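Shown next, in structure tokens, is the structure this report addresses.
Protein chains in written order, with the working numbering: chain A, 43 to 415; chain B, -13 to 286.
Listed below in structure tokens is the structure:
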């Protein structure tokens, strides 16, 4: 016990003496939280919008005004022909082209169908999808209003049977993206920093030769591993705490559930990450190698965590792969507990999976750690 | 016997690092492993300190088998690897306390053993180990290897890269430790240090060439060696190699060491030969055999 404490103490001394490492551990993650949470939004504003009005009627102008009034669209220009508009699109001057056909107003007043042509720059597929949704919303509102205003009072009852769905977004009423991004990004930093640090830590001793000196001492494998990894377990908690404080103060993220539950889960989750770090350092000889491998895993874990792209939209095989992603579990738990207020019983299935993962990962890591070769 | 090695073999991917090595080190002996870089010295150290398994053979350190009782060996030996391997970001005192704690002891408990050495670096005890000079690093590493009062001390090239004064001091420290009953196995590529050991093993390409007292090893040398000097060393070397009776010729400091095939050898004849080759200021004189000469002869 004494030995472990002494290794922990030594480890902390080394961490705090490493002037290059301290800011990396504590300042960079917080900058990341501040920047990413504000930047990683799915909202698109100021879309460069252009139109070709072949009808030049009051209704077509009304439609264009709707776009102009929206904060999402910036009406850049109108073109007289589709050719001009296409040229502007290829130069990147506009992103959306709306073409209103001749006889737009007449077709509408005759209760006939009419079409609008919309061209969207889909180089960024995700953005194009979002833009399409915005356009549809505006056109639909316009459509509804126009149907009412064009119909005579007598037909009113019969012709306006429109089914409207009004969604209500539970746990995040205003669909504020920060509310669900901040807990996720917090998970990222806690995982990233602890994995990198623990992965590089034992390799570092290998690199500077101290591991060899340690290996000829009677110190037990378990004492050494626990002593080496415990400080990073603590650092994980410190990061989580600072992150939670920032999300409360700066982003005012709701924290409906119990914070103790989050800490409890983090305690187990960090074991998975530390085991992974130890495993990586057992199979590498330099910090550089360890860093590359850790990066490789972190990138896959982040992209498949459901943080930036919903897991539901992934192909089936990828969804199965995400079952092996600890970050996915943590993101889910954070959102469940912070936004929905899930309690201990709700998270039991995820907790068991994480615990299982921790046992396997640490088992592998300890098994592959050798004092002799 | 403090160290027993029998028929140890070790290869790394077909490269034979240690080839059928056997030797024994008595209790309290200062034993030297002498050989050039890549001779297999470090591999032998790593096998004896339980860091590496031998492919074949058997070894015992302080009465314990290196494979079965490796745990006991670890608390009974001190190992100082060739490369400085203490925590550079901890201070002198912290390093020493750290190793003392790991071995379940304190600095005070074994202070008498390290006193002579530690006293020299004590003024710098709050300095980080990474900021020490080469000689001081050496002393700190030795203190750390001694802090748990080991029965056997392994020193792998402790003086490589250390200045001549510190090297001399270091060997004096080893002599004093030996008097305290510690068995010391030391390796070095420097032949002049070999003479300071009780017994030495000359090793090359993983094979032991000879084991003996340094004075005895020199006596085994078959003939007399001559120091030869002339105004042009390179020409001299070529000329001597051409000489029909020459047995071995190699440069040695400012002289060339020369041995002759014949037992009775007339220096005047050689003198004349060299003069005919156009060399001037020729000196030919018999000299004492050194360990390096023996090594060169054995390694031939």
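Glycine included, C-beta positions come from ideal geometry on N, C-alpha and C. Here the structure is a predicted model, which is why all the values come from computation and not from measurement.
Beta-carbon separation (whole angstroms), residue i vs residue j, contact threshold 8 Å
i             : j             : result
residue 107/B : residue 125/B : 5 Å
residue 200/B : residue 189/B : Not a contact, Cβ separation roughly 14 Å.
residue 20/B  : residue 39/B  : Not confirmed; about 25 Å, so no contact.
residue 403/A : residue 341/A : The Cβ separation is near 19 Å, so there is no contact.
residue 229/A : residue 372/A : 5 Å
residue 2/B   : residue 192/B : 5 Å
7 Å Cβ cut-off: residues of chain A touching residue i
i             : result
residue 69/B  : 251
residue 57/B  : 260
residue 236/B : Ordered by position in chain A, no residue passes the 7 Å Cβ test against residue 236/B, which lies about 35 Å from the chain.
Listed by chain order, chain B residues near residue i by CB distance under 8 Å
i            : result
residue 48/A : 84, 87 and 88
Which of helix, strand or coil DSSP assigns to residue i
i             : result
residue 76/B  : coil
residue 210/B : coil
residue 173/B : strand
residue 14/B  : coil
residue 199/A : Since pLDDT at residue 199/A reaches only 49, below the 50 mark, its modelled position is unreliable, and no value is offered.
residue 141/A : strand
residue 46/A  : helix
residue 266/A : helix
residue 167/A : helix
residue 5/B   : strand
residue 329/A : helix
residue 265/B : coil
residue 57/B  : helix
residue 161/A : strand
residue 287/A : helix
residue 410/A : helix
residue 140/B : strand
residue 415/A : Confidence at residue 415/A is low in this model, with a pLDDT of 49, below 50, so its placement is unreliable and no value can be given for it.
residue 287/B : With chain B covering only -13 through 286, there is no way to say anything about residue 287/B.
residue 0/B   : coil
residue 191/A : helix
residue 272/B : strand
residue 246/B : strand
residue 405/A : helix
residue 20/B  : strand
residue 166/B : coil
residue 114/B : strand
residue 209/A : coil
residue 273/A : helix
residue 298/A : coil
residue 317/A : helix
residue 289/B : Outside the displayed range of chain B (-13 to 286) lies residue 289/B, so it cannot be described from this structure.
Contacts of residue i in chain A (Cβ-Cβ under 9 Å)
i             : result
residue 124/B : Chain A residues near residue 124/B: none, gap ~14 Å exceeds 9 Å.
residue 61/B  : 259 and 260
residue 76/B  : 52, 55, 56 and 59
Chain A residues whose Cβ lies nearer than 8 Å to that of residue i
i             : result
residue 72/B  : 252 and 255
residue 104/B : Going along chain A, no residue has its Cβ under 8 Å from residue 104/B, so there is no contact; the nearest lies around 18 Å.
residue 212/B : Near residue 212/B there are no residues of chain A at all, since even the closest Cβ is about 45 Å away, more than 8 Å.
residue 229/B : By Cβ distance, chain A contributes nothing, its closest Cβ being about 49 Å from residue 229/B, past 8 Å.
Counterpart residues of residue i in DSSP-defined beta bridges
i             : result
residue 42/B  : -5/B
residue 131/B : For residue 131/B, which the question treats as bridged, DSSP gives no partner whatsoever.
residue 316/B : Any property of residue 316/B remains undetermined from this structure, which presents chain B solely from -13 to 286.
residue 47/B  : -11/B and 50/B
residue 63/B  : 138/B
residue 305/A : BP columns for residue 305/A are empty, so no partner.
residue 215/A : For residue 215/A, which the question treats as bridged, DSSP gives no partner whatsoever.
residue 94/A  : 141/A
residue 238/B : 241/B
residue 115/A : 89/A
Interface partners of residue i on chain B, CB under 9 Å
i            : result
residue 44/A : 87 and 90
Three or more C-beta pairs under 8 Å: does that hold for the stretch 320 to 336 of chain A against the stretch 246 to 266 of chain A?
Taking a cut-off of 8 Å on C-beta distances, the stretch 320 to 336 of chain A touches the stretch 246 to 266 of chain A, as three or more cross pairs fall below it.
Taking contact to mean 3 or more Cβ pairs, one atom from each stretch, closer than 8 Å, check whether the stretch 190 to 209 of chain B and the stretch 218 to 231 of chain B are in contact.
They do not touch, by the three-pair rule.
On the three-pair Cβ rule with 8 Å, is the stretch 388 to 402 of chain A touching the stretch 304 to 314 of chain A?
By the Cβ test, the stretch 388 to 402 of chain A is in contact with the stretch 304 to 314 of chain A, since at least three Cβ pairs between them sit closer than 8 Å.
Report yes or no: do the stretch 53 to 65 of chain A and the stretch 85 to 95 of chain A share at least 3 C-beta pairs separated by less than 8 Å?
Touching, no, given that fewer than three Cβ pairs across the two stretches are closer than 8 Å.
Okay, do the stretch 99 to 106 of chain B and the stretch 270 to 287 of chain A touch, 3+ Cβ pairs below 8 Å being the bar?
These segments do not touch.
Assess, as a yes-or-no matter, whether the stretch 115 to 129 of chain B is touched by the stretch 149 to 156 of chain B under the definition of 3 or more beta carbon pairs within less than 8 Å.
Under the 8 Å Cβ criterion, the stretch 149 to 156 of chain B counts as touching the stretch 115 to 129 of chain B, having at least three qualifying pairs.
Touch check for the stretch 251 to 270 of chain A and the stretch 101 to 114 of chain A: three-plus C-beta pairs under 8 Å?
Because the criterion of three Cβ pairs below 8 Å is not met, the stretch 251 to 270 of chain A and the stretch 101 to 114 of chain A do not touch.
Are three or more beta carbon pairs between the stretch 205 to 212 of chain A and the stretch 70 to 81 of chain A nearer than 8 Å?
Touching, no.
Can we say the stretch 47 to 62 of chain A touches the stretch 173 to 189 of chain A, given the rule of at least three CB pairs closer than 8 Å?
Contact between the stretch 47 to 62 of chain A and the stretch 173 to 189 of chain A is absent, with fewer than three C-beta pairs closer than 8 Å.
Segment contact, 8 Å Cβ cut-off, at least three pairs: the stretch 53 to 72 of chain B with the stretch 28 to 36 of chain B:
The stretch 53 to 72 of chain B makes contact with the stretch 28 to 36 of chain B, as at least three CB pairs between them are under 8 Å.
At least three beta-carbon pairs within less than 8 Å, the stretch 110 to 120 of chain B to the stretch 157 to 176 of chain B:
In short, these stretches do not touch, since the Cβ pair count stays below three.
Count the C-beta pairs between the stretch 140 to 148 of chain B and the stretch 82 to 96 of chain B that are closer than 8 Å, then say yes if the count reaches three, no if not.
Result no; under three Cβ-Cβ pairs closer than 8 Å.
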